[in-house]
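*Asks:* I have a structure I would like to understand better, so I am pasting it below and will then ask my questions one at a time.
Protein chains: 4
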Amino acid sequence: MNGSPLFMPKLSDPQTEQEQTLQATGIVERWQAIRLRSVAIAAPLSAEDCMAQSMPDASPIKWHLAHTTWFFETFILEQFETGFQAFHTDFRVLFNSYYNGVGDKHPRPQRGLLTRPSLDTVLAYRRNVDERILQCQDQLNDARFVSLLELGMQHEQQHQELMLTDIKHLLSCNPIFPALYPVSEMRKPLPVSQNLSWQNYDACLCEIGHQGQGFSFDNEGPRHRQFLEAFQLATRLISNAEYLEFIEDGGYQNPALWLAEGWDWIQQQDLRHPLYWRYDFQQGWQEFGLYGLLPLNPQQALGHISYFEASAFASWAGARLPTEAEWEYAAQQHEIEGQLSQLFDHGWQWTSSSYSPYPGFVAAAGAVGEYNGKFMVNQYVLRGSSAFTPTGHSRITYRNFFPATARWQLTGLRLARSLAQED
Amino acid sequence: MNGSPLFMPKLSDPQTEQEQTLQATGIVERWQAIRLRSVAIAAPLSAEDCMAQSMPDASPIKWHLAHTTWFFETFILEQFETGFQAFHTDFRVLFNSYYNGVGDKHPRPQRGLLTRPSLDTVLAYRRNVDERILQCQDQLNDARFVSLLELGMQHEQQHQELMLTDIKHLLSCNPIFPALYPVSEMRKPLPVSQNLSWQNYDACLCEIGHQGQGFSFDNEGPRHRQFLEAFQLATRLISNAEYLEFIEDGGYQNPALWLAEGWDWIQQQDLRHPLYWRYDFQQGWQEFGLYGLLPLNPQQALGHISYFEASAFASWAGARLPTEAEWEYAAQQHEIEGQLSQLFDHGWQWTSSSYSPYPGFVAAAGAVGEYNGKFMVNQYVLRGSSAFTPTGHSRITYRNFFPATARWQLTGLRLARSLAQED
Amino acid sequence: MNGSPLFMPKLSDPQTEQEQTLQATGIVERWQAIRLRSVAIAAPLSAEDCMAQSMPDASPIKWHLAHTTWFFETFILEQFETGFQAFHTDFRVLFNSYYNGVGDKHPRPQRGLLTRPSLDTVLAYRRNVDERILQCQDQLNDARFVSLLELGMQHEQQHQELMLTDIKHLLSCNPIFPALYPVSEMRKPLPVSQNLSWQNYDACLCEIGHQGQGFSFDNEGPRHRQFLEAFQLATRLISNAEYLEFIEDGGYQNPALWLAEGWDWIQQQDLRHPLYWRYDFQQGWQEFGLYGLLPLNPQQALGHISYFEASAFASWAGARLPTEAEWEYAAQQHEIEGQLSQLFDHGWQWTSSSYSPYPGFVAAAGAVGEYNGKFMVNQYVLRGSSAFTPTGHSRITYRNFFPATARWQLTGLRLARSLAQED
Amino acid sequence: MNGSPLFMPKLSDPQTEQEQTLQATGIVERWQAIRLRSVAIAAPLSAEDCMAQSMPDASPIKWHLAHTTWFFETFILEQFETGFQAFHTDFRVLFNSYYNGVGDKHPRPQRGLLTRPSLDTVLAYRRNVDERILQCQDQLNDARFVSLLELGMQHEQQHQELMLTDIKHLLSCNPIFPALYPVSEMRKPLPVSQNLSWQNYDACLCEIGHQGQGFSFDNEGPRHRQFLEAFQLATRLISNAEYLEFIEDGGYQNPALWLAEGWDWIQQQDLRHPLYWRYDFQQGWQEFGLYGLLPLNPQQALGHISYFEASAFASWAGARLPTEAEWEYAAQQHEIEGQLSQLFDHGWQWTSSSYSPYPGFVAAAGAVGEYNGKFMVNQYVLRGSSAFTPTGHSRITYRNFFPATARWQLTGLRLARSLAQED
């Protein structure tokens, strides 16, 4: 978990230490660091790069920069600032993502048409809201203020991961495959054991979900009991080399391995490999990333696969995906005994668990309550975190979620198996 | 459970007794009764009625009659008949539904174009296969033969329910709203308590899933443990009258009640009421069914709603959908204490459980293994059974499943609520 | 024009003579013969065959039988029958095709869902309307009555051609390729010259369009002058053998031959040959037709090609499509000098003329005025007639029209070339 | 034709005189002026404005700037430059529009994803190619060089008009309706007569098409004869006020006025007014343009209507659209007698003529031959020119063309009527 993942962008280094320090000192400093990091992610990008939207699921970087600011303006300044006035009334609609409770919103697939306001204006919007937030510091003894500030920070960190996945997708659509960072700055991955080994877990009644101090999203609670039948979990993620074996064994041509909906989908889309892989007759397998188009690294953890591909690979390997309760329980054991590697920072791990409310879950009142609950259908939970996840944003109880076809996120795979029930 | 549900078609009466008798005597007689019942369902329909396909999800009645026969020919005769010869080689492709392991299949959305073979030929196909099955009776001491025969019978009963839902949908597409049965033959519904009452269940470690004697589908096992936090369940289904309240309270206009995907979907489809309801300025609310277009019956259990509508209604009512484990555990208790009504025969009950494999589930080898496992994604489990379910086909462990948008099945709703955790 | 075209169905023989006789005797007898011929076309079809709709552009045979009857009921009986009462009020909506002026209409793509009324009821509807029309014979001295009767007869003949093309398309969607007629009844095609020869026409001011006695549709007039630069026309249609050369020369792989929209369309649809051709590795090229799936006949006139394919073939052959004025002028000359063959009865001939009103064209008042004018956009004119056109329905001024992608009509191709302008 | 149309952007003033001068002096100076004007059009736009693509039919400004340069590089430098080397090999694919003969092309709907190369790089590309073209001046005595240079200039002028229509469309998609130019710089329209008057033309044999000196596109020839029946033409274009009458008279609600395909299309798209009109309950009718959202100017020539709307308006007005031959013949007469106004510079005028080749038309050999001919299907010819057409680019024989649904071009309407034929 402390290792530097292969794809972790250079720019996150300085923040890593800085943020760790800040966590010790105070929320305002941490807030400032997070706000600055979003701007830092955009720094190597042109205004043109920040404008484009490569598909309806992705958003322009400029939109991310504005929307995270809109969140602070709408949910904090509007309530806590004396004499509140919107920076620009139009921004209330333009940069609302999906909060029906807040009012109208600009249609998602058209975010790439907002050439105005300019990136410069959006950066000015950020600075303006930041200054006004700082002027509200006297509210820091109001728990509601602190809680919304924390929510805004976590929200912005989520968008930082989206900024990296969205810009990666956008650049991949350009036939000249531009590199965002010079390849010379790419870090070496830590060595990982070649052989896949398994950790066993006895049947037990476990407790999962967030409880106690520290931030969590509403969907992580309440903490509750779940019974697990005996299972085993792979101690590391599936690597590119292992997935290549699956491909070369005809994995994409064998319907018996696939969920029926997945099989139809890969036929329609003509999918034959992970999202950013390309086969070149002269160069062999390559993968596109923020450092450009490079030879495929066989040792690296597999990324950018759909739930359907994860499931088919697991079938091929005589295994299955873990449930999220199995994953979280194993992660709890790991904190004590340290048996697993690559739990965090390498790739989000698809679980077989559909995203649904924990027993006793109640969404918060008001627009903030639209954060999570209303997405609990036709999505699958991913656990862990990826090389694109900001430092400090990972948690054992964290529930990420995407539809079964999503591939532009840094999504990978850890295998599980059921163990025979004892009598 | 013994009450005669409102919509149970007249024609199922004679079979009811006959089948019950047959269960006592023997599998061959039960098999004959089931085979005859499919033909009996089609009896009041013309060859034209049996030809048409109203949407890709539905199939023509003729296709159901042929496909259930294909199942016996392919999975039994081909293995157990000496000197097997297909009734017609083309039928191997035409009436394969989705078994990739068996070979090619005719595209589902084009089943309504198969004007040939004629209904008469399909009925001859049924008689031919039935005779040949009877000639294999000497195999009855082979457990594999018996098990496949039983699977074919259960499979045919599933299609009998689909025949009724599909013909209902087809007739509803005709602007003259034809009635399949004369309204004079419609049965009166049993009285049901007006007030919705709740049954409480303590937190406990339960066991769910099929075990032991008697048929079950592979997806119903293995039996395994699940921990349930304390909850309560409504003792009966939601009625038309209650759903009408939701509509009149603006339920379809309030995004706060809906899952985000459901909200977008009802906007796109412009949905404002259950599938077969219609509002007429002179007649008020009406509902189409196999007895024609009739005034809406307020006391009857609500049917033909999607998962999204079930979920929105539950939110509006301050409740939620049960999980399938909660439902099955409550049904186990009911068998002892009898607290619930309308568990079976009135309407399938949406649960919040995504359709996924039980711990330790392994699909059968070969084409029969394609029966269930490969559909375990983006579908939600329904429990109980409906007025269209054949007598004797319901089970406490039965897992029906449909996508969240399905409305042409007889799908209703039983509410649940979490109870506060004790400390 | 007197030759018996290859595909002319057997059943039209008796009518041929009968109709010719009737033309001499009187309109009522001719009307009766036309009404009977529609029923005769449907005679070898089952009720199931008559129900299905293979695509939105096609209609069920039952619908054709009902709609042609609706035409007489709506446009004649409603005006001329004393004490008019509709046979069935629902039929007013169900069997209206596109006449907005008449009221609501049933959506075209759902015609295949009308299992009721049954074919028997539709045939009874025909008999009922026919009897009532006969009882109006005293109106035969009213020119409006006669003119509407004639329009209804021409309208029914158009639908007779559609019945044959629609049933051919439907049967072609069935993987068992049923033959409507026994191949033994198929006629031999008349011999046609192997070499393609050309007929020259000097530049001239010609007159085209209908004038004088005899029926014509409104779109065939007014007769008017057009100036033609010198051109030449192929004396016969393109044969299957010639089109096969185009295919084997890579015609479908060479974008330089295609209109841009056509090129994109054949890529999307993956088209590589005419609609009913199939290549079988053992049998070679075959073509499906009303006599079943048969070896491709190289001498026969090519059919079932789109405008895009006609245009690409012409480019490949160093020629072009004729304009409709060129075609009509050449047909006028042919009546005098007889230079051309296959003008009628073999295949409709795509012209390069977009379907548009002649100078001075005014649509008739009322719903009958919706017959033609409102379709004059994005369609191309076809001249001549096909093997499916009823005897007596062809005319030198006849303007058939379809979109550039239509292939289910019996559409073929006659080449033209511009000649250098003299000075 | 010399009047300053309302919407003519300020920036074109200086060029007007300059270009006129240049025409007298020489092709190189004219070429330079045209190249500079494209850059001048982009000058008030940000790099972000130049990046976005609002729909597949439109292109980003940056793409226009690059593609027009690619045209000179590909069709001139590659043939005439000694030691030719592409500025950037990737640009050969990225900025090819549709020339299959030249090689691969980047998919049109994804032009808005090319954030790289940057606008700065594209401007450098322009300067580089311009310098290299200037160094080829010794080829000016080669007729092929001159002819390709002229073609490139005309091509660039066409793209200048597209730049203005595309940026207008893009800005209109932004809910804040940004103005490209300050409204203070907008010119006053010249007064036009309020009453619509008509000019009569006798039946005659006319000649249309380009001939002789001066540039024309290949589709404008060969010059040939056409016979026109007697007709009349409105002496000016239809104004906004007149179209508003049509709207207020229920024009969009009356199917009898519309072509059938147009009627279905306006229902599906829910169209009720021209593209950039908006009705605001407080402000009344407004129109968006390059000067922002302004009150609708009733006297101004109507623009941004589809062929379907033009046709419906004409029906409503008891008239029709002119054919392109009628338009061109009337324009010839106007040059002598001056009866018409608004022939050029106000709005392209839909004709009822489908875009098709003139008799004797042959496309040029090679990739340049893909310029026009392959688009001759399902498009309608527009004549005249618009306020967005560059000065000096209009011609009496000019054939513009768009599909019947196109509305983002500055397309208007001049009425015609047939006159009774004399006997």
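Chains as they are written, first to last, in my numbering: chain C, 1 to 423; chain R, 424 to 846; chain Y, 847 to 1269; chain D, 1270 to 1692. Backbone N, C-alpha and C fix where the C-beta goes; we use that ideal spot for every residue, glycine too.
1) Answer with yes or no whether the minimum CB distance from L205 (chain C) to chain R is below 8 Å.
2) Can you tell me which residues form a DSSP beta bridge with C1473 (chain D)?
3) Anything in chain Y within Cβ reach of Q1427 (chain D), meaning under 8 Å, just list it in chain order.
4) Less than 8 Å between the C-beta atoms of S1307 (chain D) and Q1429 (chain D), yes or no?
5) Is it right to say Y803 (chain R) is buried, meaning 16 or more other beta carbons lie within 10 angstroms of its own, or is it exposed?
6) Nearest by alpha-carbon distance to N519 (chain R): which of R:E793, R:I599, R:P467 is it?
7) Let me see if you follow: with CB-CB separation under 8 Å, is H1493 (chain D) close to chain C or not?
8) Rounded C-beta distance between L1679 (chain D) and G1653 (chain D)? I'm assuming under 8 Å.
9) Near A870 (chain Y), what residues of its chain come up, given a Cβ to Cβ distance below 8 Å and the 5 sequence neighbours on each side ignored?
10) Out of R:N523, R:D561, R:G526, R:F510, state which residue places its alpha-carbon closest to the alpha-carbon of P540 (chain R).
11) Using the DSSP secondary-structure output, state which residues sit across from N1669 (chain D) in a beta bridge.
12) With DSSP collapsed to three states, give me the class of Y279 (chain C).
13) Does any residue of chain Y bring its CB to less than 8 Å from the CB of M799 (chain R)?
14) Starting from S1328 (chain D), find everything on chain Y with Cβ-Cβ shorter than 9 Å and list it in chain order.
15) Could you check whether the Cβ of D1126 (chain Y) sits closer than 8 Å to any Cβ belonging to chain R?
16) Answer with yes or no whether the minimum CB distance from M1432 (chain D) to chain A is below 8 Å.
17) Taking A426 (chain C) as part of the beta strand (DSSP E), name the residues at either end of that continuous run.
18) Only counting the same chain, and skipping five residues up and downstream in sequence, which positions put a Cβ closer than 7 Å to that of F503 (chain R)?
19) Residues bridged to S710 (chain R) by DSSP?
20) Taking the alpha-carbon positions, what's the R1380 (chain D) to Y714 (chain R) distance?
21) First and last residue of the alpha helix (DSSP H) that includes W831 (chain R)?
22) What is the rounded straight-line gap between the Cα of Y279 (chain C) and the Cα of S1508 (chain D)?
23) Hey, quick one: how far does the alpha helix (DSSP H) through S172 (chain C) stretch, first residue to last?
24) Measure the C-alpha to C-alpha separation of A1685 (chain D) and Q1468 (chain D) and round it to an integer number of angstroms.
25) Classify R320 (chain C) as helix, strand or coil using the three-state DSSP reduction.
26) Name the one or two DSSP bridge partners that L1528 (chain D) has.
27) May I ask you to report which of helix, strand or coil DSSP gives A43 (chain C)?
28) Along chain Y, in chain order, which residues have C-beta atoms closer than 8 Å to that of Y1367 (chain D)?
29) Note the first and the last residue of the continuous alpha helix (DSSP H) segment covering T1390 (chain D).
30) Does the contact criterion of 3 or more C-beta pairs under 8 Å hold for the stretch 641-650 of chain R versus the stretch 711-725 of chain R?
31) Comparing the C-beta of G1381 (chain D) with each C-beta of chain C, is any distance below 8 Å?
32) Can you tell me where the beta strand (DSSP E) with T82 (chain C) in it begins and where it stops?
33) Following the continuous beta strand (DSSP E) through T813 (chain Y), name the residue where it begins and the one where it ends.
34) Report yes or no: is there a C-beta of chain R within less than 8 Å of the C-beta of G360 (chain C)?
35) With a cut-off of 8 Å, does the C-beta of N974 (chain Y) fall near any C-beta of chain R?
36) Measure from the alpha carbon of C1019 (chain Y) to the alpha carbon of each residue in Y:Y1204, Y:G1164, Y:A904, then state which is nearest.
*Replies:* In short:
1) yes
2) D:L1497
3) Within 8 Å Cβ-Cβ: nothing; Q1427 (chain D) doesn't reach chain Y, min ~16 Å.
4) yes
5) buried
6) R:E793
7) no
8) Actually they do not touch by this definition, with Cβ atoms about 10 Å apart.
9) With a pLDDT of 41 at A870 (chain Y), under the threshold of 50, the modelled position of this residue cannot be trusted, and the question is left open.
10) R:F510
11) D:L1651
12) strand
13) no
14) Neighbours of S1328 (chain D) on chain Y: none; closest Cβ ~16 Å, over 9 Å.
15) no
16) No chain A is present in this structure, whose protein chains are C, R, Y and D.
17) The first residue shown for chain C is 1 and the last is 423, placing residue 426 (chain C) beyond what the model contains.
18) C559, Q562, F568
19) The sequence shown places Glu at residue 710 (chain R), rather than the Ser named in the question. Beta-bridge pairing links E710 (chain R) to R:W700, R:L717.
20) 57 Å
21) Taken as a continuous stretch (DSSP letters only), W831 (chain R) belongs to no alpha helix (DSSP H), as it is neither H nor E.
22) 58 Å
23) 143-172
24) 9 Å
25) strand
26) Looking at the DSSP assignment, L1528 (chain D) forms no beta bridge with any residue, so it has no partner.
27) coil
28) A1106
29) 1388-1403
30) no
31) yes
32) No beta strand (DSSP E) contains T82 (chain C), which DSSP labels as neither H nor E.
33) There is no way to answer for residue 813 (chain Y), as the model of chain Y reaches only from 847 to 1269.
34) yes
35) no
36) Y:A904
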